[in-house]
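**Student:** Once you've had a glance at the structure underneath, I'll fire off some questions.
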Amino acid sequence: MSEIEIVQGDITKMKADAIVNAANKSLLGGGGVDGAIHAAAGPQLLAECRTLHGCDTGEAKITKGYNLPAKHVIHTVGPIYRFHSPEEDAKLLAACYQNSLDLAKKNNLHSIIFSSISTGVYGYPAEDAAKIAFATAKNWLADHPDYEMKISMCAFDQRMADIFKKEMNS
Ligand code: ADP
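Take the sequence shown: its position 155, counted from the start at 1, is 155 in UniProt numbering, and no numbers get skipped.
Right under this line is the structure:
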């Protein structure tokens, strides 16, 4: 059954068909969740990422998960907050969720765990980002009633989990 749920903790420890990395345009690793995913997956992940030649903001690319419990990593590049207009920021963040879900479906995947894209170093306010994440995920499920997809939103800490809970119930 398709559903949206909240999970809390380190995404690199989580099992799913795919976890979603908040990557940067180079796809060659960085800090935050990106660094944690590369560290846990091992050097083969970086080697595969090198073959992808980067990723534009709002787009998504897929690799294997290597040493991760997750089978695949979907790398998406969130907007740097206030780098674009507010409308454009929101559109790009929604595109991250939309394109990651489309890519998961295209690869016949049925469970996906999102990190909270753009809410770390990229500075997107957590409440606004959560609104976009849940709205885009809900719309995606409504648009694909015949496809089974379990969508999880990963909160790294309690504060984000509380924001997610509020958003899911709104
Ligand atoms: P961005 O550059 O897109 O802002 P960050 O990695 O800086 O990406 O942060 C994105 C979110 O990932 C933040 O909410 C941060 O708390 C969270 N995060 C950092 N490390 C992990 C991890 N190991 N597992 C899950 N979430 C994480």
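Glycine included, every Cβ here is placed at the ideal spot set by N, Cα and C.
#1: On the premise that Lys-91 lies in contact with Thr-57, defined as a C-beta separation below 8 Å, what is that separation, rounded to the nearest angstrom?
#2: Please state if the CB of Ile-74 and the CB of Asn-21 are separated by a distance shorter than 8 Å.
#3: Closer than 6 Å between the C-beta and any heavy atom of the ligand ADP: which residues qualify, listed along the chain?
#4: Secondary structure at Phe-156, three-state DSSP: helix, strand or coil?
#5: Please list the terminal residues of the continuous beta strand (DSSP E) segment that includes Val-121.
#6: Would you tell me roughly how many angstroms separate the C-alpha atoms of residue 234 and Pro-43, rounded to the nearest one?
#7: Just checking my contact of Phe-164 with Ala-130 at CB under 8 Å: how many whole Å lie between their CB atoms?
#8: Starting from the C-beta of Gly-123, find all residues in its chain whose C-beta is less than 8 Å away, skip the five residues before and the five after it, and write them out in chain order.
#9: From the DSSP output, in three-state form, read off Ile-19 for me.
#10: Report the residue ranges of all beta strand (DSSP E) runs contained in full by the stretch 78-145; include only those spanning at least 3 residues, in chain order.
**Tutor:** Looking at the atomic coordinates:
#1: Counted from its first residue, the sequence shown places residue 57 at position 57. Counted from its first residue, the sequence shown places residue 91 at position 91. Contact flag wrong, Cβ pair sits at about 10 Å.
#2: Here the question's residue 21 lines up with position 21 in the sequence shown. Here the question's residue 74 lines up with position 74 in the sequence shown. A contact, by the Cβ cut-off of 8 Å.
#3: Asp-10, Ile-11, Thr-12, Ala-22, Gly-32, Val-33, Asp-34, Ala-36, Gly-78, Ser-115, Ser-116, Ile-117, Ser-118, Thr-119, Gly-120, Val-121, Tyr-122, Cys-154, Phe-156, Met-160
#4: Against the sequence shown, residue 156 aligns to sequence position 156. If DSSP states are grouped into helix, strand and coil, Phe-156 belongs with coil.
#5: For the purposes of this step, residue 121 is taken as the residue at position 121 of the sequence shown. Note, Val-121: premise wrong, no beta strand (DSSP E); not H, not E.
#6: This structure cannot settle anything about residue 234, because the visible part of the chain is limited to 1 through 170.
#7: Mapped onto the sequence shown, residue 164 falls at position 164. Mapped onto the sequence shown, residue 130 falls at position 130. Their Cβ separation, rounded to whole angstroms, is 6 Å, which keeps Phe-164 and Ala-130 in contact under 8 Å.
#8: By 1-based counting over the sequence shown, the position of residue 123 is 123. If we look at Gly-123 and ignore the five residues flanking it on each side, its Cβ neighbours are Ile-80, Tyr-81, Arg-82.
#9: Along the sequence shown, read from residue 1 onward, the residue named residue 19 stands at position 19. Residue state for Ile-19 is assigned as strand, using DSSP reduced to three classes.
#10: 111-114
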